[in-house]
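Residue numbers (our numbering): 249 to 701.
See the structure below:
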């Protein structure tokens, strides 16, 4: 008989070691290496099981899909991210930073579902039922079919599901629920894995959709084992700056729909509200053109949105000029400054440069390069760009403007919102684009004089 071997395994990534270690040697996580007590099972085999009834494999064309059709949650922006609505039997994980509005959004989902005569069980492991009731009163989420429970024990939550027999379950949050079948405190990888596995099994066996709230770590990843994201059907990330009211829900994983959709919301005094057309949220309210501003058409998922980029350039009093950015990548701005100085002939060495976006949105795609560069050029020359101009394109180190994805969609959205002049890859180079952009803000009489002299 083989002698049992004591093996230690990482609950995060599965790395094994013959000795205990405080830190995993593979994923570098602390406190995830536990004793697995494996046995060397050489020569063992698994016997086949006879499959009968509905478990027998069948042609995919004979599979009935009526039981897994999407049903709307009542919030169109949330349904957009999910691919049309909530699928029965699915498990959805919504993660986000503390205070961003995860609980408020899911309470709104629960209220809409309850208003549609669906029985909803909202389990809060972080608040008392009285606290949830106060928040529901403030947001107008009081519904007779909405059941509230404050539980942190998994077995008790399962008992609540048996008693209420809901059509939808919301657990806030999965990191604060503990199971007696697993050692350790709530939130530890082993506990999160056990709680999630049990709830997923309940969802599949009863065809019951379950929404889970997930915490995030300091680096923005979901707290707990990576296995959690693999087990659930949908992973949604709730993004937004707590200093602004705008929020985005983005699907990182979706087994029932696309992952390139984005839902837009706005936090209000009464809770959370949908923003079906966010086109005006990222533009300034000024009527007269001002130097240092340029509009780009950014792509958030499948949604094209105009975003105004603003730049301010002042003489520097320090030996090393400042480069301050807000909403854009500082390294990207530094590269664009070098390209403008080398390829467009702008003198930026002794100037402090400030670049920001309107509305607090963050631009990460290269398509915003051209608008950032034109805004800086406008600020340096102190010449405004017309309000009717929209620019998008990637700028290379050679000063070339490259085409970007979804150019037709960006152009169409720009025309719909009144941006009749488009500056893109057709301009060829950044020097040409700067000249075209600055010419749009010059009155006709001044343009004639410039051409004459």
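No residue lacks a Cβ here, since even glycine has one placed at the ideal position from N, Cα and C.
Scan the region 340–382 and note each continuous beta strand (DSSP E) run of 3 residues or more that stays entirely inside, going in chain order.
368–372
Quick one: using the 10 Å Cβ neighbour count with 16 as the cut-off for buried, is residue 565 buried or exposed?
In the chain shown, residue 565 corresponds to position 317, counting from 1. The C-beta of residue 565 has fewer than 16 other C-beta atoms within 10 Å across all chains shown, which makes the residue exposed.
Could you check where the beta strand (DSSP E) with residue 514 kicks off and where it finishes?
The count along the chain shown starts at 1 and reaches residue 514 at position 266. Start and end: 510–516.
In or out: residue 310 buried (at least 16 other Cβ within 10 Å) or exposed?
Looking up residue 310 in the chain shown gives position 62. Burial call: exposed.
Across which residues does DSSP place residue 702 in a beta bridge pair?
Residue 702 is absent from the structure shown; the chain starts at 249 and stops at 701.
Residue 546 and residue 642: beta carbons closer than 8 Å?
Looking up residue 546 in the chain shown gives position 298. Looking up residue 642 in the chain shown gives position 394. Not closer than 8 Å, so no.
Can the beta-carbon of residue 421 be found less than 8 Å from the beta-carbon of residue 439?
The residue given as residue 421 occupies position 173 in the chain shown. The residue given as residue 439 occupies position 191 in the chain shown. No.
Within 10 angstroms of the Cβ of residue 568, are there 16 or more other Cβ atoms? Answer buried if so, exposed if not.
Residue numbering aside, residue 568 sits at position 320 when the chain shown is read from its first letter. Label assigned to residue 568: exposed.
If you reduce the DSSP assignment to three classes, tell me which class residue 504 lands in.
Translated into positions along the chain shown, residue 504 becomes position 256. Three-state DSSP puts residue 504 in coil, outside helix and strand.
Taking 8 Å as the threshold (beta carbon to beta carbon), is residue 375 in contact with chain D?
In summary, chain D is missing from the structure at hand, where a single protein chain is found.
Measuring alpha carbon to alpha carbon, tell me which of 522, 271, 653, 483 ends up nearest residue 357.
Taking the first residue of the chain shown as position 1, residue 357 is located at position 109. Taking only the C-alpha atoms, the option nearest residue 357 is 522.
Count the other CB atoms within 10 Å of the CB of residue 303; is the residue buried (16 or more) or exposed (fewer)?
Locating residue 303 in the chain shown gives position 55, counting from the first residue. In summary, residue 303 is exposed, with fewer than 16 beta-carbon neighbours lying within 10 Å of its beta-carbon over all protein chains present.
Selection from 336, 618, 519 that minimises the alpha carbon distance to residue 350
The residue you call residue 350 lines up with position 102 of the chain shown. The option with the nearest alpha carbon to residue 350 is 519.
For residue 537, which residues in the same chain have their Cβ closer than 8 Å to its Cβ, ignoring the five residues on either side in sequence?
The residue you call residue 537 lines up with position 289 of the chain shown. Answer for residue 537: 632, 633, 634, 635, 689, listed in chain order.
Near residue 551, what residues of its chain come up, given a Cβ to Cβ distance below 7 Å and the 5 sequence neighbours on each side ignored?
As a working mapping, residue 551 is identified with position 303 in the chain shown. Contacts found: 510.
Identity of the residues DSSP links to residue 574 by a beta bridge
To locate residue 574, count along the chain shown from 1; it is residue 326. 604, per the DSSP bridge assignment.
Determine the burial state of residue 574: buried for a count of at least 16 other Cβ atoms within 10 Å of its Cβ, exposed for fewer.
In the chain shown, counting from the first residue as 1, residue 574 sits at position 326. The residue is exposed, with fewer than 16 neighbouring Cβ atoms inside 10 Å.
Supposed contact pair residue 555 and residue 606 - C-beta distance, whole angstroms, cut 8 Å:
The residue labelled residue 606 in the question sits at position 358 within the chain shown. The residue labelled residue 555 in the question sits at position 307 within the chain shown. That belief holds up - the Cβ atoms of residue 606 and residue 555 are roughly 7 Å apart, short of 8 Å.
Can you grab the Cα-Cα spacing for the pair residue 570 / residue 360, in whole Å?
Translated into positions along the chain shown, residue 570 becomes position 322. Translated into positions along the chain shown, residue 360 becomes position 112. Looking at the two C-alpha atoms, the distance is approximately 49 Å.
Who are the Cβ neighbours of residue 367 in its own chain at under 6 Å, not counting the five residues just before and after it?
One-based indexing of the chain shown puts residue 367 at position 119. Setting aside the 5 residues that flank it on each side, residue 367 is surrounded in the same chain by 393, 414, 415, each with a C-beta closer than 6 Å to its C-beta; the list follows chain order.
Simplified DSSP assignment, three categories, for residue 661
Here residue 661 is taken as the residue at index 413 of the chain shown, counted from 1. Residue 661 falls in the helix class under three-state DSSP.
What does the alpha-carbon distance come out to for the pair residue 709 and residue 659?
Given that the chain is displayed from residue 249 to residue 701, the structure contains no residue 709 and the question cannot be resolved.
Would you report the Cα separation of residue 524 and residue 553, rounded to the nearest angstrom?
Taking the first residue of the chain shown as 1, we reach residue 524 at position 276. Taking the first residue of the chain shown as 1, we reach residue 553 at position 305. Rounded to the nearest angstrom, the gap between the Cα atoms of residue 524 and residue 553 is 11 Å.
Let's see if you can read the secondary structure: which residues bound the alpha helix (DSSP H) around residue 454?
Working through the chain shown from its first residue, we reach residue 454 at position 206. Segment 437–454, the alpha helix (DSSP H) holding residue 454.
Kindly indicate which three-state DSSP category residue 211 falls into: helix, strand or coil?
Past the boundaries of the shown model lies residue 211; the chain is included only from 249 to 701, so the question cannot be answered.
Under the criterion of a Cβ to heavy atom distance below 7 Å, does residue 462 qualify as lining the ligand GDP?
Of ligands this structure carries none, so the ligand GDP is not represented either.
Helix, strand or coil, according to DSSP, for residue 287 in the structure here?
Locating residue 287 in the chain shown gives position 39, counting from the first residue. Low confidence applies here, because residue 287 scores a pLDDT of 41, under 50, leaving its location unreliable; read the following figure in that light. The answer is coil: DSSP assigns residue 287 none of H, G, I, E or B.
Sort 385, 405, 345 by Cα distance to residue 373 and report the nearest one.
For this step, residue 373 is matched to residue 125 along the chain shown. Among 385, 405, 345, the Cα nearest to that of residue 373 belongs to 405.
Work out the CA separation of residue 378 and residue 436 for me, nearest whole Å.
Walking along the chain shown from the start, residue 436 turns up at place 188. Walking along the chain shown from the start, residue 378 turns up at place 130. Going by the C-alpha atoms only, they are around 28 Å apart.
Cβ-based neighbour list, residue 442, same chain, cut-off 8 Å, excluding 5 preceding and 5 following
Within the chain shown, residue 442 is the residue found at index 194, counting from 1. Result list for residue 442: 402, 427, 429, 430, in chain order.
Cα-Cα separation between residue 453 and residue 337, rounded to whole angstroms
Residue mapping note: residue 453 aligns to position 205 of the chain shown, counting from 1. Residue mapping note: residue 337 aligns to position 89 of the chain shown, counting from 1. Rounded to whole angstroms, residue 453 to residue 337 spans 8 Å at the Cα level.
With 16 as the cutoff for other CB atoms within 10 Å, does residue 463 come out buried or exposed?
Position 215 of the chain shown, counting from 1, holds the residue named residue 463. Buried is the call here.
With DSSP as the reference, identify every bridge partner of residue 558, one or two as the case may be.
In the chain shown, counting from the first residue as 1, residue 558 sits at position 310. Residue 558 is bridged by DSSP to 541, 604.
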